[in-house]
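Colleague: In my numbering, the protein residues as written are 754 to 1078.
Note that the Cβ used here is the ideal one computed from N, Cα and C, for glycine as well.
#1: Can you tell me the Cα-Cα spacing of residue 1042 and residue 1007, whole angstroms?
#2: For residue 882, report the span of its alpha helix (DSSP H) as first-last.
#3: So residue 973 is in the alpha helix (DSSP H); what residue range does that whole segment cover?
#4: Tell me residue 1020's beta-bridge partners as DSSP assigns them.
#5: By how many angstroms is the C-alpha of residue 1001 removed from the C-alpha of residue 861?
#6: Give me the Cα-Cα distance between residue 943 and residue 1014, rounded to the nearest whole angstrom.
#7: Following the continuous alpha helix (DSSP H) through residue 1069, name the residue where it begins and the one where it ends.
#8: Whose C-beta lies closer than 6 Å to the C-beta of residue 1018 among residues of the same chain, with five residues either side of it excluded?
#9: Whole angstroms are fine: how far does the CA of residue 969 sit from the CA of residue 863?
#10: Once the 5 residues before and after residue 964 are set aside, which same chain residues still bring their CB inside 6 Å of it?
#11: In or out: residue 1055 buried (at least 16 other Cβ within 10 Å) or exposed?
#12: Take residue 940 and list the residues in its own chain whose beta-carbon comes closer than 8 Å to its own, dropping the five residues that flank it on each side.
#13: DSSP three-state call for residue 846: helix, strand or coil?
#14: Quick one: residues in its chain with C-beta nearer than 7 Å to the C-beta of residue 1059, no 5 flanking neighbours on either side, listed in chain order?
#15: Would a C-beta distance cut-off of 8 Å place residue 852 and residue 1004 closer than the cut-off?
#16: In this structure, how does DSSP classify residue 840 when only helix, strand and coil are distinguished?
#17: To the nearest angstrom, how far is it from the Cα of residue 1076 to the Cα of residue 854?
Pasting the structure below:
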């Protein structure tokens, strides 16, 4: 295209844009020449717009940042997943969100708390040696401060069940096979250990340096146990079994000091009374007794899991003792 043609096209484009711009982008036409629509339609549209504005204004947060009860209910029930209103056996309101009434139970305190798995094989001796090496630094750090020790102990004790359950879950999906209930059993163990922690933090609030210690220990232990379970599940379960044995011994010392009066036997936390279905007049001594029973059951479960694998079988071949604690 020559120069004269280019100039003609450019001028024509400018003229077209000028004419269209007046009609499409100017607000004058909308003011002087309104759309010819029926009055009833206009009023209906205005009424609908007002309703929409009022609706959004109602649910918008106020300047103070506080939400009223109606807003909370609307959010929780919008998708149809609002939790039911739960009550205790006596009809009073259930106030715990961390567990539900059907997860409460009565601990079997008749279990033998003195059982010990004698290390015979190299697998057992390695696991026993690892636990003994980990035990002494904690005893040196906490000494007779049992509640402090229990808080740290439970943040670690809740890790193996979660790691084992997670890896078995991935294995079940990967191999298209059932797990024999062991996924549920191990996750149940992890949840039970977490509830021990929820109970103790009602009695004692960890200091900043203890929280930092928990952060470091849990980070190291989680990754180390993860790798150990990948390498040898039977070794990992044996380690957990010996860890639970030490937990039983630790809670036995805790209980002895409470019975001797070395520590004050304070009233049991309300969450512990509801979780273990304890009498209302229960004390810390009763709580330690049921927690020790839980640890003894976890000890047996993990030694049993290791025995299955040490004998050349897979966990899925033997039904898991679900609800064992």
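Modeller: Looking at the atomic coordinates:
#1: 9 Å
#2: 875-895
#3: 961-984
#4: 1036
#5: 14 Å
#6: 32 Å
#7: Premise fails: residue 1069 is in no alpha helix (DSSP H) and is neither H nor E.
#8: 1011, 1036, 1037, 1038
#9: 36 Å
#10: none
#11: buried
#12: 914, 915, 918
#13: strand
#14: 987, 990, 991, 994
#15: no
#16: strand
#17: 15 Å
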